[in-house]
Structures are given as structure tokens and as C-alpha cells.
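Shown next, in C-alpha cells, is the structure this report addresses.
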Amino acid sequence: MAVPLAFFAVFFAYPVAAIVTQGLRVGGQWRFGRIAEVVTDPATLDVLWFTCWQAVASTALTLAVALPGAYVFARFDFPGKGLLRAVVTVPFVLPTVVAGSAFLALLGRGGLLDELWGVRLDTSVWAILLAHVFFNYAVVVRTVGGLWAQLDPRQEEAARVLGASRLSAWRRVTLPALAPAVAAAALMVFLFTFTSFGVIQILGGPRYATLEVAIYRETAQLLDLPTAAVLTLVQFAAVAAVLALHAWTVRRRESALRLVDPGRTARRPNGPAQWALLWGVLAVVALLIVTPLAVLVERSLSGPDGYGFTYYEALESAADSGGTFFVAPMEAIGNSLRYAAVATVFALAVGGLAAAALTRKAGRLVQGFDALLMLPLGTSAVTVGFGFLIALDEPPLDLRASWVLVPLAQALVGVPFVVRTMLPVLRAVDHRLREAAAVLGASPWRVWREVDLPLVGRAVAVAAGFAFAVSLGEFGATVFIARPDQPTLPVAIARFLGRAGQLSYGQAMALSTILMLVCAGSLLALERIRTDRSGEF
Amino acid sequence: MNSQLRRAVSAALLGSVALGALVGCGGDSKGGADSKTVTLVTHDSFAASKAVLKEFTKETGYKVRVQAGGDAGAAVNQAILSKGHPQGDVFFGVDNTLLSRALDNDLFTPYTAKGLDKVPAALQLDRAEHRVTPVDFGDICVNYDRKYFADKKLAPPRTLEDLTEPAYKNLLVTENAATSSPGLGFLLATAARYGDDGWKGYWKKLRANGVEVVDGWEQAYYDRFSGSTGGGKGDRPLVVSYASSPPAEVADAKTKPAKAPTGVATGTCFRQVEFAGLLNGAGNTKGGKALLDFLLSKRFQEDVPLNMYVNPAREDAELPELFTRYGTRIADSATLAPQKIAKNREPWVKTWSSLVL
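Protein chains in written order, with this note's numbering: chain A, 336 to 872; chain B, 1262 to 1618.
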């Protein structure tokens, strides 16, 4: 527990506290009066209200749409499943400007649905909610599906043999086992949508603002640090309340489960109902996730003289002839992969140790620690970015110009995913297995290697996938601290999007498509590694 | 995981983090103290030819290290937060809308760069003290889709007044003045033209005439504007963008058209001037001064247009053909004193939001 705690103290709590303090302390005097002023401002209350209800609605909608998907991915075997699972995670890494504009091409004015049925969703709340489903589908499929695939279906079958109906068997056997994972997924989706930034800006138009948007405006545009500090505290308080609620509802439900190899639980759909479910889920995925992504690919290929690789070629030639603005795509891919790999290692080490500590220990202190680990998801990137800048600028921690800042900031966002995916699985591992192994003379290391590791191997892979995807796509904090001569893919995309011209736009789309492929490819590779290992048991 | 193992892993991890930190300290961050490197702090749209930066190194022996952070506003605010203990030696990218904030915070050390006599007086907004040096300027203007107006046989608008005419109803899309710098520039253009109170009435008329507001330039230009050759196909033929957007539209075309697909409404512009300055507390003052001289050198100035799509500050810098052929010289751009912008920026944006959104 010491390592994760130290990591968070140095790279999260300290920088954030530094920036908040800077806002609330003027000339050596605390200005707490400012808190009351901002909190009671009707504008703040409006923002808080909108932030809350859209997050609740988004979470509910995401769960409703994605839980059947989690079931299908966990229990059914169908060709292309691995690929599709990688594809649904892609929205996660795309810059919201890019994904949002693809989404608008589908749902907005003059979009596909507009042409077909006159359905327009731009500037409506529906666009925001659906976009949140688009971005967070993978959270539910991966977190819940990860555990679901390892639940032994024979328990439910046993219940049915004993006379329970299909529904009640599911309700009494499977649902309680899944509850912690569902709650974990819901919590993450909630935190993501609660702190939604890009989606709200693009699809909501300027009328809607979340706390996150307000914090960004106050910090980066207006330099009103006192107001930003208060809003940050409000966001913290709200997030803390949600975390407390989560801890309270989930705590007692986690129990040891019989976990089995996911390869054995998935089978081909059987009967018309299961086929209908599979096709239904595939249709939703196709409409909501694959089509917007396809729009991007289509745009990246439709050059001035018809379809072709013009924009991709332009990326290469621009990098050869151009200035510091241009970076060769291979170089940006290299930067992105390098940063993301280091960030994933940090996140897995910190998150894994934290999850292990949380499994073994109980008590209020540990619960507080659990909540602390989730806080980075509820903190705005600009707060973290500015915090890094003013806090980590003096020896012994003078990291102002160090490349390590980027993976550190990215790992902060990755750790919560690692903890939340590993925790339900780790807690589900039956103690008696470990004890039995120990009694039979296995060393503790061997117990861990032979009992825990094979059972949580899948969770580790899922967690690594998340951490990697989050790091690949991280933009908000990276743009503050990445060196301009070493931009990541999202940063390079934003640069191209920032200037006029067909070629610039096409290059941005081409780079986005590359980012998509890199993400899907990396996730597939991760799954492959996992399958190899799980063959051992 | 047993406790022994955990301790071993912890130790290893702490070690590696510490090592990373050490490497970070020892390697890169020494840059400021190293007299052969000069660090340019800027925003993320800074760009220069690699060849030109190499030339600087050849002439002076200094290597330029570029340190960027966010958009122009965020970069200035970062510089203010780290004042006295700056991230580098020279800051580039504070514009006239943010200049007062930077100067009031005592960000810069005065220095008169070589070549300043070739910069028009109108751009030298800190003429008395030379804390900042003008490097480039650009104009935020309403752009129009040539094809749309030709097809409709309608003359494109030229002035701010025109935009409120019924003929141009529901045609204009602009950016949120609270979050976007062209959005703010357009608001300031109207404030400069109609005065401290008059601009509100103008925006009421504009709103009645169906102006649409989106959050950022990318959405306005690529998603809503009908004239951009990239992006989707928007249906608004008027957009708030830059005077350099039309040249940018044809910059990469293989066969150059006679005219850019978009034009500029010359009576709607607001002038943005970008400055550089020597940071207070810079580690390498000498290198910083050399870099400032270089930013005003003809070589760098002539490199500016095609890299950042703005005009060089020096009068004698030659513009590339792309700009002379497809660009529009704006003779009477609106301007406002930086102090006035600093004082009114926040209340104006608040009022604007309540009027328009």
C-alpha cells in the first residue's frame, strides 16, 4: 500500500493541492469567503445540476445499452469477437473533437439519420447522452464482461435443475455475483460523464456546461484561480459523495466465487432467443460505434480526386519538407506507444499493488484509500496539468521538462481502471484455494503464481488494455506537458485540426484512423498474450 | 501476494520511479542552465522550419529547445503561474488580447530587439518599455463561401452592418467568445466598431438575424461552414475565421485555382498581434536576447507565413506568393488598447453570453 500511496501523494494530491491553494490563498491570506460566494452563485448551481443529471442519465443509458453487450461478449462465441471487442474500445482513444464530429456526421444536421428520417440530434441533450454511450460502451463490456466470462455457468444451471425459473436463477445466482463488477463499471461511467469535457463542448454547443468545462474556462482562459479552485473543490465533494455511496452499496456484496477459464464458458448461441440477442447487440454496436468510426475512415480516404491514400502520403511528405509543426506519423506513433507503454507499466504496478492491498485489508482507512485512487477520474485535466507545473518545478522533484511527466499524468488516469477491473476478480478468488496450496507446502510466491495469477490473469490483461487505451488517447494533460517536438498522436491530430484547408483536415482524419488502428492492434495483441498464458491452466 | 514479495516489488518500483526522476533531472531539465541551449516557451500552434532553426544554431551557437503548453491562453497563464521561476528563456505567443495580463504580472524583462525599426509603429504596443517584441499579426474576419453567393447571385457581405441585413439571415456561424480566440476577436471587433455599449445592440440584431454560436473554431469551420474544402458539408456560408484561411484552403492544392474557394469580408476584421519577450528570471539571458533578435530577423520573418499562417511583423519581409495571390490585405482592421481589453474582457464576455447564448 505504501507505493500507491506515495505515488498518489507526490503525483496527484500534492500538485492538485498546490494549485487549489494558489487559488485560495492570496498574499498569504486564506480567502475562504470566496468559497461561499462561488457555491451560492446561481450559475454554479445551474452547472452543478446539469452536470449531475446528465451524468446519471448517461450512466443509466450506457448500462442499459451495454449490459446485453457484456453478456454477449462474455458468453457467446462468434467469429471476429476479439476484433469487435478491440473496436468498441477505440472511441476511448479518439480525440473527442474527431469522434464528436464523426458522430455529428451521423446524427447531426444533414447527417445520415437526418437524410433518412429527418432525425437531428445536434445541440440536443440526446446527442450528449448517446455520445457518452459511444465513448463508454467499452467500460461496461470490458469490466462486467471480464468477470462474467469467468463465472461458472454450471451454478446457474444447478439452480435451474433445482427448479428455479431462468429469470430467478439468473437473479439469484448470476446477478449477485456480477453486482460488484456492474457497480464498478457504473462508477467509472459516472465519473467519466460527470467530468465530461469535449463531448459537452462539441455536441452540447455553448449552452451546456459541466463543472469540468467551467473549471477549464476559469483556469485556462480567464486565469480566475480562486473560482477555479472552488469549483475544483465542489467537483471533489460531489465525486467523494458518489464514491462513498458506491463503497457503501458494494462493500457487502463481494464474495468468493468460482472462477473458471473464460474459454470454457463461451459457446455458440443456441436457439432463436440467443441468436436474436446476438444480432441485436451486433446491430447496436454497428450503428452506434462502428458507423461513426467508419465515417472517419471514409473521410480519411476521400481525397480531392476520389478515394485514395492522398492524405496518408501527405503526412509523410509534409514531415520531410516541413517545419517543427509537422511530425512524421511513424514518429508520432512511436511517441504515443512509448508513452502509453510506460504509463501502462506505472498504472499496472501502482494499481495492482493497490488492488492487492485492498483485497487483503478492510476498515475505514482502506476504504478512504480506495476512494483516493478514484479521484483522478474526477479531477479536471487542466487542474492536474497546471498543478504539475507549479508543484513539480523545484528540486528534488524538478520534472518540468522531463518526458516522464507525460506517462505519469497518463498513469494517474489509468490507475483507477486497473483497480476497478482487478478488484472484483481478486476479491472473488476463494481464500481456501490459497490456504490449500499453502498447506500443501507451496511457498507464498508460488501460491501467488499458481493460484492468483492464473485466475486474475484475464483481469490484468483487461486492466492493461484499459490503461493502455486511456494513455493512448489522453489529451487534456498531455498537451500541457508533452514536448512539441515529441507530440503524441492526439496532440498531432489537434494540430492539424487547428488549421484551415482540405489537406490539413484530411491529414487529421488520416492520423485519427492510424490512432484507431494502433489502438485496436495493441488491444488485439494484449488479448493474444492473455490467451497464450491462460492456456496454462 | 505475500508481504515479503510486496516489499520487494515496492522497493523495486520506488527505485525505478526515483531513477526516472533522476534521469529526468539530470537529462532534460538542465537545458535552462546549459548556456548552449536557449528554451522557447510557447503555445502548441508554434511552428518554424527546421532549416531556419538550424541556421540560428549555426550563426549563434545556441540550440533552440521548444517547450509548448496548451493553446495561447493556457500558455500565457502557465507562464504567469511559473513567473520568477520560468520554464525557459523566451516566451512567444502572447497576443494583444492577453498582453496586459502578462505585463501586469511582470512577466518580461525589457529588451530592444534588432530590427524593431522595421516594424510598423501600430504593431508596437509596448513602445515605451520594450518588454515585448511584436513578431507577427493576423486578422480575425468573417469568411464567405464564394460558390454559395455566386449561385444565389447575392453579393457577399463586406461590413459588420451587412451581417444584420435580412439578405444574410441565418447564414453566419461564429465561435463562443468565452472559449475560443476567434470568437473573442469577433466580439472585440464589434466593441471597437460600436463602442462600449453599442455592441450589445449590434449583437441583439445579429441574434435576431439568426447567428449561430458553436464552441470552437474546428466545429464552426469544418462542421458548420459550407465553404471549407475539408470536413463535412455544413450549410452556413459565413463563418468567423482568419484572413489567412483562404490561402490555407489552396495551399496544398495540386493545381492552383484562380481564386480561393472562400473570401474575406474586409470590413469585419479584428487585428491580433503576437509578441515575444525575454522571461524574467531566465537562465540564459544572452541566448534569449539572441533568440529575440532572430525572431525579428528577415530570415525568420519570411518563414512565418507558411508555418503559422499569419503575417510577419517586419514591413520589409517578403510575403510568399500564396499570400500575395490568394490572401487579402486588410487595410482597416479594428483594434482596441490591451489595457481596455484586459479591463473589459470578463464583463463583456459575461454580457455577451447572456445576450447571445
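Note that CB positions come from ideal geometry on N, CA and C, so glycine has one too.
- Taking C-beta atoms under 8 Å as the contact rule, A/T530 and A/E547 qualify, at a distance of about 5 Å.
- In summary, A/Q364 is exposed, with fewer than 16 beta-carbon neighbours lying within 10 Å of its beta-carbon over all protein chains present.
- Annotation: Cβ neighbours of A/V432 in chain B (cutoff 7 Å, chain order): E1479.
- Taking the Cα positions, A/A437 is about 11 Å away from A/F469.
- Taking 8 Å as the cut-off, the Cβ atoms of A/A409 and A/A484 count as close.
- Closest in alpha carbon position to A/A804, among A/T375, A/V425, A/V345, is A/V425.
- Restricting attention to alpha helix (DSSP H) runs no shorter than 4 residues, the segment 558 to 640 of chain A encloses them at 560 to 585, 597 to 600, 606 to 620, 626 to 636, ordered along the chain.
- For secondary structure counted as the beta strand (DSSP E) over 3 or more consecutive residues, the segment 766 to 799 of chain A holds no complete run.
- Rounded to the nearest whole angstrom, the CA to CA distance from B/L1583 to A/A860 is 46 Å.
- In the three-state DSSP reduction, A/W738 falls in the coil class, being neither helix nor strand.
- Any Cβ of chain B closer than 8 Å to the Cβ of A/D820 would place that residue at the interface, and such an atom is present.
- B/E1436 has B/V1475 as its beta-bridge partners, per DSSP.
- Residue burial annotation: A/W738 is buried, with at least 16 other C-beta atoms found within 10 angstroms of its C-beta.
- At a Cβ-Cβ threshold of 8 Å, B/G1399 and B/Q1533 count as neighbours.
- Within the segment 526 to 543 of chain A, those residues whose Cβ lies closer than 7 Å to any Cβ of chain B are, in chain order, Q536, I537, G540, P541, R542.
- At least 8 Å separates the beta-carbon of A/S635 from that of A/S857.
- Interface flag for A/A678 against chain B is unset, since no Cβ pair is found closer than 8 Å.
- Annotation: B/N1404 to A/P825 spans about 28 Å, alpha carbon to alpha carbon.
- By the criterion of at least three beta-carbon pairs nearer than 8 Å, the segment 1563 to 1572 of chain B is not in contact with the segment 1452 to 1471 of chain B.
- When the beta-carbon positions are compared, B/T1358 and B/L1445 come within less than 8 Å of each other.
- Within its own chain, the residues whose Cβ lies closer than 7 Å to the Cβ of B/L1432, once the five positions on either side in sequence are excluded, are R1497, P1498, L1499, listed in chain order.
- Taking the C-beta atoms as reference points, A/A827 is found no nearer than 8 Å to A/Q745.
- Nearest CB-CB separation between A/A835 and chain B: below the 8 Å threshold.
- Approximately 18 Å separates the beta-carbon atoms of B/G1477 and B/S1487; this is outside 8 Å, ruling out the contact.
- Of all residues in the segment 1332 to 1353 of chain B, only G1334, A1335, N1338, Q1339, I1341, L1342, S1343, H1346, Q1348 come within less than 7 Å of chain A when Cβ atoms are compared, listed by chain position.
- Along the length of the segment 1546 to 1614 of chain B, whole alpha helix (DSSP H) runs at least 4 residues long occupy 1546 to 1556, 1559 to 1562, 1565 to 1569, 1582 to 1587, reported in chain order.
- Taking 8 Å as the threshold, the shortest C-beta distance from B/T1440 to chain A falls below it.
- The CB of B/Y1482 comes closer than 7 Å to the CB of A835 in chain A, given here in chain order.
- Under a criterion of Cβ atoms nearer than 9 Å, no residue of chain B is adjacent to A/L359; the nearest Cβ is some 15 Å distant.
- Of all alpha-carbon atoms in B/F1353, B/T1596, B/G1492, the one lying nearest the alpha-carbon of B/M1569 is that of B/F1353.
- In the three-state reduction of the DSSP assignment, A/P339 falls in the helix class, which pools H, G and I.
- Measuring C-alpha to C-alpha distances from B/V1355 to each of B/A1428, B/L1540, B/Q1480 identifies B/L1540 as the nearest.
- Around A/Y840, the beta-carbon contacts reaching into chain B at under 7 Å are Y1483, G1491, G1492.
- Spatial neighbours of B/N1366 in its own chain (CB-CB distance under 8 Å, excluding positions within 5 residues in sequence) are listed in chain order as I1341, K1344.
- Annotated as distal: A/V524 and A/T626, with beta-carbon spacing of 8 Å or more.
- A/W505 is the residue among A/I537, A/G498, A/W505 whose C-alpha sits nearest the C-alpha of A/D487.
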